[in-house]
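Each residue of the sequence shown is one higher than the one before, starting from 1 at the first, in UniProt numbering.
Ideal Cβ placement from N, Cα and C applies to all residues, glycine included.
These notes are about the structure you will find just below.
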Amino acid sequence: MPEIQQFLLNIKNEILYVNSHIFIVAILLLFLFTATYTDLKNMKIYDKFNAVFFVTRLLIIILPFGITYQWTHLIGGLIGGLFLLIPAMVLMHKMGGDIKFMFIFGMYLGGYYTIVLLLLSCLIHFIYSIVSIFIFKRQNKKTMVPFAPFFCISYSILTLLGFLYL
Numbered sequence: 001m002p003e004i005q006q007f008l009l010n011i012k013n014e015i016l017y018v019n020s021h022i023f024i025v026a027i028l029l030l031f032l033f034t035a036t037y038t039d040l041k042n043m044k045i046y047d048k049f050n051a052v053f054f055v056t057r058l059l060i061i062i063l064p065f066g067i068t069y070q071w072t073h074l075i076g077g078l079i080g081g082l083f084l085l086i087p088a089m090v091l092m093h094k095m096g097g098d099i100k101f102m103f104i105f106g107m108y109l110g111g112y113y114t115i116v117l118l119l120l121s122c123l124i125h126f127i128y129s130i131v132s133i134f135i136f137k138r139q140n141k142k143t144m145v146p147f148a149p150f151f152c153i154s155y156s157i158l159t160l161l162g163f164l165y166l
């Protein structure tokens, strides 16, 4: 009898674990799609939006969702923020909202997955730029391109491929 109870408890814990991760993925996609929309429309990710995203992350840490917070999540935030901050400072680009957004997004993903997401985002952005510049002649090398859509595409691809197990 104790084996059956333990088995049922394990099933319950697995269901809660899967449901909590589906909840997190849904939150991330909601914020990604919203950031993509505002970045495409206004070339901005607003500070108020990033503040809500950050508070949501804090609530997920505090409230009992069955999701543990590890130091790798903070490292992911630092990697995400610095990965965009350093080139923006060197090249004098205005990317403040993208940098803050990626810092918070990295706090959801952790270090490893943030690096994978950023590399895939840069690869997709590079391919888009090459196609736009050389094939469609729509932009030149100085044209500003919003970066949030590439985060969204990358996260969607990685989630569909099963690489991002939060």
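To the nearest angstrom, how far is the alpha carbon of residue i from that of residue j?
{"i": "Gly111", "j": "Met95", "result": "21 angstroms"}
{"i": "Leu123", "j": "Val52", "result": "29 angstroms"}
{"i": "Phe126", "j": "Asp98", "result": "17 angstroms"}
{"i": "Phe105", "j": "Ala88", "result": "18 angstroms"}
{"i": "Met144", "j": "Ser121", "result": "16 angstroms"}
{"i": "Ile15", "j": "Ile130", "result": "Low confidence applies to Ile15: its pLDDT is 48, below 50, so where it sits in the model is not reliable enough to give any reading."}
{"i": "Leu63", "j": "Lys48", "result": "22 angstroms"}
{"i": "Leu164", "j": "Ile86", "result": "Because the pLDDT at Leu164 is just 48, under 50, the model does not fix this residue reliably, and the point stays unresolved."}
{"i": "Gly162", "j": "Lys142", "result": "35 angstroms"}
{"i": "Leu119", "j": "Leu58", "result": "26 angstroms"}
{"i": "Leu160", "j": "Leu29", "result": "12 angstroms"}
{"i": "Met92", "j": "Tyr128", "result": "22 angstroms"}
For residue i, which residues in the same chain have their Cβ closer than 7 angstroms to its Cβ, ignoring the five residues on either side in sequence?
{"i": "Cys152", "result": "Leu32, Phe33 and Thr36"}
{"i": "Phe54", "result": "Ile104"}
Under the rule that 16 or more other beta-carbon atoms within 10 Å means buried, what is residue i, buried or exposed?
{"i": "Ile61", "result": "exposed"}
{"i": "Phe134", "result": "exposed"}
{"i": "Phe136", "result": "exposed"}
{"i": "Leu109", "result": "buried"}
Would residue i and residue j qualify as a contact pair, given that the criterion is a beta-carbon distance under 8 angstroms?
{"i": "Ile115", "j": "Ile79", "result": "yes"}
{"i": "Leu117", "j": "Tyr69", "result": "no"}
{"i": "Ile27", "j": "Thr56", "result": "yes"}
With a threshold of 6 angstroms on Cβ separation, who are the neighbours of residue i within its own chain once the five nearest residues in sequence on each side are excluded?
{"i": "Ile22", "result": "none"}
{"i": "Gly77", "result": "Phe103, Gly106 and Met107"}
{"i": "Ile75", "result": "Gly111"}
{"i": "Val90", "result": "none"}
{"i": "Phe150", "result": "Ser121, Ile124 and His125"}
Can you name, in chain order, every residue of its own chain whose Cβ lies under 8 angstroms from the Cβ of residue i, other than the five neighbours on each side?
{"i": "Gly81", "result": "Ile99, Lys100, Met102, Phe103 and Gly106"}
{"i": "Phe147", "result": "Asp39, Leu84, Met95, Asp98, Ser121 and His125"}
{"i": "Asn50", "result": "Gly97, Lys100, Phe101 and Ile104"}
{"i": "Arg138", "result": "Ser132"}
{"i": "Met43", "result": "Met144 and Pro146"}
For the ligand HEM, is there any heavy atom lying closer than 7 angstroms to the beta carbon of residue i?
{"i": "Thr56", "result": "This structure lacks the ligand HEM; in fact it carries no ligand of any kind."}
Inset, instruction - Tell me the start and end of each unbroken alpha helix (DSSP H) in the UniProt domain "Prepilin type IV endopeptidase peptidase" (27–130) that is at least 4 residues and wholly inside, in chain order. - result: 47–62, 71–91, 96–109 and 111–130
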